[in-house]
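There are 2 protein chains.
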Amino acid sequence: MRRLVALAVLALALPASAEDAPVTPNAIVAAAPAADWQAIDPADLLVMDLAPDRDGNPRRVVFQLIPAPFSQGWVGNIRKLAAAHWWDGTSINRVQDNYVVQWGDVTEKKALPNGLTQPGEEQYSEQYKGQIDHYGPCPAPRGDEICKTTERPADEAIAFFDNDSYTGNTGFYSGWPIGMKTTRAAPLVVSVSAPGSKRPPTDIPVQLDSTEMWPTHCYGMVGVGRNVSPDTGTGAELYTVIGQAPRQLDRNIALVGRIIEGMENLSSLPRGHGDLGFYADDEADKRVPILSVRLGNEIRDLPRFEYLSTESKSFAAYVHSRANRKDDFYIQPAGGVDICNVPVPIRRAPQ
Amino acid sequence: MRRLVALAVLALALPASAEDAPVTPNAIVAAAPAADWQAIDPADLLVMDLAPDRDGNPRRVVFQLIPAPFSQGWVGNIRKLAAAHWWDGTSINRVQDNYVVQWGDVTEKKALPNGLTQPGEEQYSEQYKGQIDHYGPCPAPRGDEICKTTERPADEAIAFFDNDSYTGNTGFYSGWPIGMKTTRAAPLVVSVSAPGSKRPPTDIPVQLDSTEMWPTHCYGMVGVGRNVSPDTGTGAELYTVIGQAPRQLDRNIALVGRIIEGMENLSSLPRGHGDLGFYADDEADKRVPILSVRLGNEIRDLPRFEYLSTESKSFAAYVHSRANRKDDFYIQPAGGVDICNVPVPIRRAPQ
Numbered sequence: 000m001r002r003l004v005a006l007a008v009l010a011l012a013l014p015a016s017a018e019d020a021p022v023t024p025n026a027i028v029a030a031a032p033a034a035d036w037q038a039i040d041p042a043d044l045l046v047m048d049l050a051p052d053r054d055g056n057p058r059r060v061v062f063q064l065i066p067a068p069f070s071q072g073w074v075g076n077i078r079k080l081a082a083a084h085w086w087d088g089t090s091i092n093r094v095q096d097n098y099v100v101q102w103g104d105v106t107e108k109k110a111l112p113n114g115l116t117q118p119g120e121e122q123y124s125e126q127y128k129g130q131i132d133h134y135g136p137c138p139a140p141r142g143d144e145i146c147k148t149t150e151r152p153a154d155e156a157i158a159f160f161d162n163d164s165y166t167g168n169t170g171f172y173s174g175w176p177i178g179m180k181t182t183r184a185a186p187l188v189v190s191v192s193a194p195g196s197k198r199p200p201t202d203i204p205v206q207l208d209s210t211e212m213w214p215t216h217c218y219g220m221v222g223v224g225r226n227v228s229p230d231t232g233t234g235a236e237l238y239t240v241i242g243q244a245p246r247q248l249d250r251n252i253a254l255v256g257r258i259i260e261g262m263e264n265l266s267s268l269p270r271g272h273g274d275l276g277f278y279a280d281d282e283a284d285k286r287v288p289i290l291s292v293r294l295g296n297e298i299r300d301l302p303r304f305e306y307l308s309t310e311s312k313s314f315a316a317y318v319h320s321r322a323n324r325k326d327d328f329y330i331q332p333a334g335g336v337d338i339c340n341v342p343v344p345i346r347r348a349p350q
Numbered sequence: 000m001r002r003l004v005a006l007a008v009l010a011l012a013l014p015a016s017a018e019d020a021p022v023t024p025n026a027i028v029a030a031a032p033a034a035d036w037q038a039i040d041p042a043d044l045l046v047m048d049l050a051p052d053r054d055g056n057p058r059r060v061v062f063q064l065i066p067a068p069f070s071q072g073w074v075g076n077i078r079k080l081a082a083a084h085w086w087d088g089t090s091i092n093r094v095q096d097n098y099v100v101q102w103g104d105v106t107e108k109k110a111l112p113n114g115l116t117q118p119g120e121e122q123y124s125e126q127y128k129g130q131i132d133h134y135g136p137c138p139a140p141r142g143d144e145i146c147k148t149t150e151r152p153a154d155e156a157i158a159f160f161d162n163d164s165y166t167g168n169t170g171f172y173s174g175w176p177i178g179m180k181t182t183r184a185a186p187l188v189v190s191v192s193a194p195g196s197k198r199p200p201t202d203i204p205v206q207l208d209s210t211e212m213w214p215t216h217c218y219g220m221v222g223v224g225r226n227v228s229p230d231t232g233t234g235a236e237l238y239t240v241i242g243q244a245p246r247q248l249d250r251n252i253a254l255v256g257r258i259i260e261g262m263e264n265l266s267s268l269p270r271g272h273g274d275l276g277f278y279a280d281d282e283a284d285k286r287v288p289i290l291s292v293r294l295g296n297e298i299r300d301l302p303r304f305e306y307l308s309t310e311s312k313s314f315a316a317y318v319h320s321r322a323n324r325k326d327d328f329y330i331q332p333a334g335g336v337d338i339c340n341v342p343v344p345i346r347r348a349p350q
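In order, the protein sequences belong to chains A and B.
Using numbering that gives the first Met the number 0, the first residue of the first sequence is number 0, and each one after it goes up by one.
Using numbering that gives the first Met the number 0, the first residue of the second sequence is number 0, and each one after it goes up by one.
Here it is in structure tokens:
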């Protein structure tokens, strides 16, 4: 995969004065101009209200549904389940340390609403014909600057890392962390002739790389529980990652979103002691009731949220900083970073 | 770093019959022979008893101190702090979601016992002259088998992965996850002559690679809190990782151990809402009191613990399985795995 990145070197424009430049990831995000922030449509949010905690504090979890082209079969189902108020009265049933929190119908007998689809396994990833824009560590010194390849036309997807432990490349697509695998196709030759022309056709070589892309199982990502393959789940049973990224699940389970607020209301729940971290029968009282799940545009006074565009220069500088910490606390910059250690910045929109 | 692994191909002996072979990581660990398990000396354990939870349930956390050659300055301090009962009456002061839980003296004024040392930054990693034994994915197909290089003499350290996001190689050293960076030294020439011989000396070339090794910040690893560099901390302020591995801290902070039992008593604590996830003044009641911290050999009836030897064939098969899930649930083996997604199996010793 190494051939995909850093073919040519064009240092990204960083702030002119090194002394004035924000050096920590947080400072870079704080200094990002308003234009670098992308609004999240409330219709793409789900709001899950859990029963209050023992002290009566409300517990709300907000998650963002993944946009097209990923996992749209399941996302469509989830919109229908929310519209049908299907999750109301269900519960959090599994909390496995360093793995996942899972919720849904503990009886596994609750009837599903009509109209759900059953997506196939092929929808775990997407295939593209075309070329993508690449950022990555410059050839030398390794990881010390972010470079951009200039040979290829830009697309929405940006690859940042060519040294992932699980796959050749990782990067970001419209604000989401993705894995990618690119296959260089054999060149096609297309014969072209002008209508009515008497000249012989001209042969034009066409190079169409094929890139497979899929969302990655990072902390806080939301996925679709399922039984043994070829079952792919409906979206009624959901989980979120609360530990080290279980990337072995990538392309084996549908990812449908990510928690953007209230993660602690899931990650700090007491762990279950049944098989796979499900609450055992004698700890059934730990199952937190789900009061309601609604789409964000049905919730009055929901804050507006926005994410830092992963195509922005601010984001590129943020990635660079996370890979090369040089602020006072650090003595040895890593020179690299894992895709799941680059959480996409998300915030409440300034009033 | 690619040159370090898979120079020659010798497939590890896996069970003869593919049909009988345990295929999941858990099944491989369960089938490991007793000889593959290594006892942990109780004198290398710390036992931290927290105040009981709201329902009166006891909360014990057991952690294992890292062995030589890593971080021994801080480990020595920690033994002295435990012997002095220094942590008794201190508390859990910080719970930052997807990052760390930290404990120690919230006042930062409690006097330290005499005799502590102040290790220097050079102790964040260790330098070796010599060569190490390497396992890794076979050249083709990628990641489908674990291979061993046969050209180099074995040592205690074994490198498994050459595609880490943060450093060239990762692997295991006596049961602990490590990062490594090997520098091939220029060959030395040593002149040798037999005592009393009248023959001219013989020139012998000697190749001594230099490998830097350090423990990695995986889930459950325990590190030493410190202020801004060049402060390196004493070991009185400790933290453990409760989210995605913050590997940028490797070689910037001393790692001194790992939680081996009771992790959920830390990871499920309520998150703090002050700066950096410290409990703010208005949530001081969330600070869980630490009743006592003792060395394991001072605790009556402490269970015996053991870990799966990282030099064993069972462990190699376990790594292979984690990188290539092919059991019924999986349709797409990853073909790779992150060092922090290969927790070293640790269990209570069978009675």
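In this text, a Cβ means the ideal position worked out from N, Cα and C, and glycines have one as well.
If you're wondering where the values come from, they're calculated on a predicted model, not measured in any experiment.
Look at residue 333 of chain A: its C-beta is under 8 Å from a C-beta on chain B. Going by DSSP, residue 26 of chain B is part of the alpha helix (DSSP H) stretching over 24-29.
Taking 8 Å as the CB threshold, residue 280 of chain A stays off the interface with chain B. For residue 212 of chain A, no CB of chain B lies under 8 Å from its own CB, so it is not counted at the interface with that chain.
Our two residues, residue 83 of chain A and residue 45 of chain A, have alpha carbons roughly 13 Å apart in a direct line. In the structure shown, residue 41 of chain A falls within a helical segment according to DSSP collapsed to helix, strand and coil. Using a Cβ-Cβ cut-off of 7 Å, residue 330 of chain A is close to 120, 228, 251 of chain B, given in chain order.
Exclusion of the five residues before and after residue 341 of chain A leaves 318, 321 as the residues of its chain whose Cβ lies within less than 6 Å of its Cβ. Counting only residues of its own chain and dropping the five nearest sequence neighbours on each side, residue 64 of chain A has a CB closer than 8 Å to the CB of 43, 44, 45, 74, 77, 78, 255, 256.
Residue-level contact by beta carbon holds for residue 269 of chain A and chain B, with a gap shorter than 8 Å. Closest option to residue 265 of chain B, judged by alpha-carbon separation, among B:234, B:117, B:240, B:279: B:240. For residue 217 of chain A, the closest C-alpha among the options A:47, A:28, A:248 is that of A:248.
CA-to-CA, the gap between residue 212 of chain A and residue 231 of chain A works out to about 18 Å. Within the region 236-272 of chain B, complete alpha helix (DSSP H) segments of at least 4 residues are found at 263-266, given in chain order. Beta-bridge analysis with DSSP links residue 63 of chain A to A:44, A:257.
Flagged as an interface residue toward chain A: residue 163 of chain B, by a C-beta distance shorter than 8 Å.
Counting C-beta pairs with one atom in each stretch, the region 321-332 of chain A and the region 276-296 of chain A have fewer than three that are closer than 8 Å, which means they do not touch. Assignment of residue 282 of chain B by DSSP, reduced to helix, strand and coil, places it in the helix class. Three or more beta-carbon pairs separated by less than 8 Å link the region 274-281 of chain B to the region 91-105 of chain B, which places the two stretches in contact. Residue pairing for residue 170 of chain B: DSSP places it in a beta bridge opposite B:158, B:177. With at least 16 other beta carbons inside 10 angstroms of its own, residue 250 of chain A counts as buried.
The C-beta of residue 54 of chain A comes no closer than 8 Å to any C-beta of chain B.
For the region 76-107 of chain B, the residues whose beta carbon sits under 7 Å from a beta carbon of chain A are, in order, 96, 97. Judged by DSSP secondary structure, residue 74 of chain A falls within the alpha helix (DSSP H) whose first and last residues are 71-82. When rounded, the separation of the alpha-carbon atoms in residue 53 of chain B and residue 221 of chain B is 26 Å. Judged by DSSP in its simplified three-state form, residue 324 of chain A adopts coil rather than helix or strand. Residue 347 of chain A is bridged by DSSP to A:304. Identification of chain A residues near residue 321 of chain B by a Cβ-Cβ cut-off of 9 Å yields 247, ordered along the chain. For residue 93 of chain A, the enclosing beta strand (DSSP E) begins and ends at 90-95. Boundaries cannot be given for residue 298 of chain B, as no beta strand (DSSP E) includes it and DSSP labels it neither H nor E. Between residue 26 of chain B and residue 313 of chain B, the gap from beta carbon to beta carbon reaches 8 Å or more. With respect to chain B, the C-beta atom of residue 62 of chain A has no partner C-beta closer than 8 Å. Contact between residue 288 of chain B and residue 28 of chain B is absent: CB atoms are separated by about 36 Å, not below the 8 Å threshold. Taking C-beta atoms as the reference points, residue 48 of chain A and residue 267 of chain A fail to come closer than 8 Å. DSSP links residue 102 of chain B through a beta bridge to B:91, B:237.
At a cut-off of 8 Å between C-beta atoms, residue 35 of chain B does not count as an interface residue with respect to chain A.
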